[in-house]
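Numbering (the numbering used here), first residue to last: 1 to 339.
All C-beta atoms in this analysis are idealised placements derived from N, C-alpha and C, irrespective of residue type, glycine included.
First comes the structure, then the notes that go with it.
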C-alpha cells in the first residue's frame, strides 16, 4: 500500500502577527488531488485559537502542491474553521470576495535571513555594522551577497512545487532578499505566498537560520525595512485605457487609509516614515513611477495606454496577503461605482 505524506499548513491565532503551523498526515494510495485531502483537526488551545475546554479546530484543505523536498509528499494549504464548520476569526482567506478571480495579484515579498546566534541579519558582524547599504542590492560576490545558497534552494523548491515565483533578488540591506509571486485570483495569490513562506522557513532551518519578517528589524537606523508591495489589477484596470479611471480608483484609497493600514502588517509605522522609498503611514499619495508614494502607477501601465495594474507600496513584509487582498478588492470595487 503506497504511503504519502500530506503536510497540512495553517495560520495560528497569534496577534498582532500570525505564524505558520503544520503537521503531517499519512495517507494511503493518495491520488494527489485536492478533493481527496480530508478535513483534519488540531488543538486550537495550543495556537491561540480555542479554549482548552473546547479546543478542536478544523483544517479545510484549499490548495495543494507537490513537496519536492520530501519523498512522496505534498504541501496542503488549509483554512481554519470552528468546530461547527464556520470560518474561524483568524481566517483571513474567508474574507476575500473574488469568486470569479477577476483580481490578479503580484506580491513582492521582502525579508531578512537572520542569524539567531547573534540575533542580527546574516552578514552582519556580532557588534557594529557592515559597510553602509548601497552595494548589496542585486549584488554578487561573497563581500556583498550573503545566503545565496539558501535563496537558490528556496527558488528551486518553489518552482518544482508549481508556485509561480516570478523572480528573486538581493535587496538593499545586508542579508535582505526578495522574491515575487504572481497569481490570477486573490485566494490563489495568498495561498502561494503563504506556502512559499513556509518553504523558506523550512529551508532556512537546514542552515541554522531563521527568517525575519518584521518590517523594520534593525530599528531606528538608516537600514531599509522590508515590505510586501502588492501589485494588483482587475478587468477594468487591465482594459480601461483611461487615465481618469485610474485616478478615480487611486482617489478611492485616500479616505480609507486607516482601514488599509490596519491589515497591512504590525509595526508598519516603523517602516512607513516617508524615508527609504516610503510614504508616511498617516498620509496618502499616488503618482506615476513614484516609489515614494502610497500607490505607484507603473510607467508600463501609462505607456500601454493606461491598461495595466497598480502597486500599493504600503503593505509590510509580515502582512497577511489574504487580508491585504481583501481590503484592496473592497476599495477598488467601491471606486468602480463612481469611475
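The beta-carbon distance between residue 161 and residue 98, rounded to whole angstroms, is 23 Å. This is too long to meet the 8 Å contact definition. By the criterion of at least three beta-carbon pairs nearer than 8 Å, the region 146 to 157 is not in contact with the region 72 to 85.
For residue 236, the uninterrupted alpha helix (DSSP H) run begins and ends at 235 to 239, by DSSP. If you draw a straight line from the Cα of residue 81 to the Cα of residue 51, it is about 14 Å long. It is roughly 28 Å from the alpha-carbon of residue 29 to the alpha-carbon of residue 197. Remark: fewer than three beta-carbon pairs, one from each stretch, lie closer than 8 Å, so the region 200 to 218 and the region 90 to 107 are not flagged as touching. Contact between residue 165 and residue 140 fails: their C-beta atoms lie close to 20 Å from each other, not under 8 Å. Counting only runs of 3 or more residues that sit fully inside the region 17 to 73, the beta strand (DSSP E) segments are 20 to 28, 40 to 43, 56 to 66, in chain order. By alpha-carbon distance to residue 317, the top candidate from 310, 224, 133, 130 is 224.
Collapsing the DSSP output to three states places residue 254 in a helix. Secondary structure note for residue 203: its alpha helix (DSSP H) is the uninterrupted segment 186 to 206. A Cβ-Cβ distance of about 7 Å is found for the pair residue 104 and residue 232, placing them in contact under the 8 Å criterion. Excluding sequence positions up to five before and after residue 328, its CB lies within less than 7 Å of the CB of 230, 232, 312, all in the same chain and listed in chain order. Relative to the Cα of residue 236, the nearest Cα in the group 100, 332, 122, 86 belongs to 332. Here the alpha carbons of residue 294 and residue 285 stand approximately 5 Å from one another. When Cβ pairs closer than 8 Å are counted between the two stretches, the region 235 to 249 is seen not to touch the region 125 to 141, the count staying below three.
Annotated as proximal: residue 96 and residue 322, with beta-carbon spacing under 8 Å. By the Cβ-count criterion, residue 228 is buried, with 16 or more other Cβ atoms from all chains shown falling within 10 Å of its own Cβ.
In this chain, the beta strand (DSSP E) harbouring residue 9 covers 3 to 11. Its chain contains 41, 83 as the residues whose beta carbon lies nearer than 6 Å to that of residue 56, once the 5 sequence neighbours on both sides are disregarded; these appear in chain order. If you compare the alpha carbons of 53, 23, 67, 32 with that of residue 59, the shortest gap goes to 23.
Take the alpha-carbon of residue 209 and the one of residue 176: they are about 13 Å apart. DSSP places residue 300 inside the alpha helix (DSSP H), whose first and last residues are 299 to 303.
For residue 309, the closest C-alpha among the options 292, 319, 287, 320 is that of 287.
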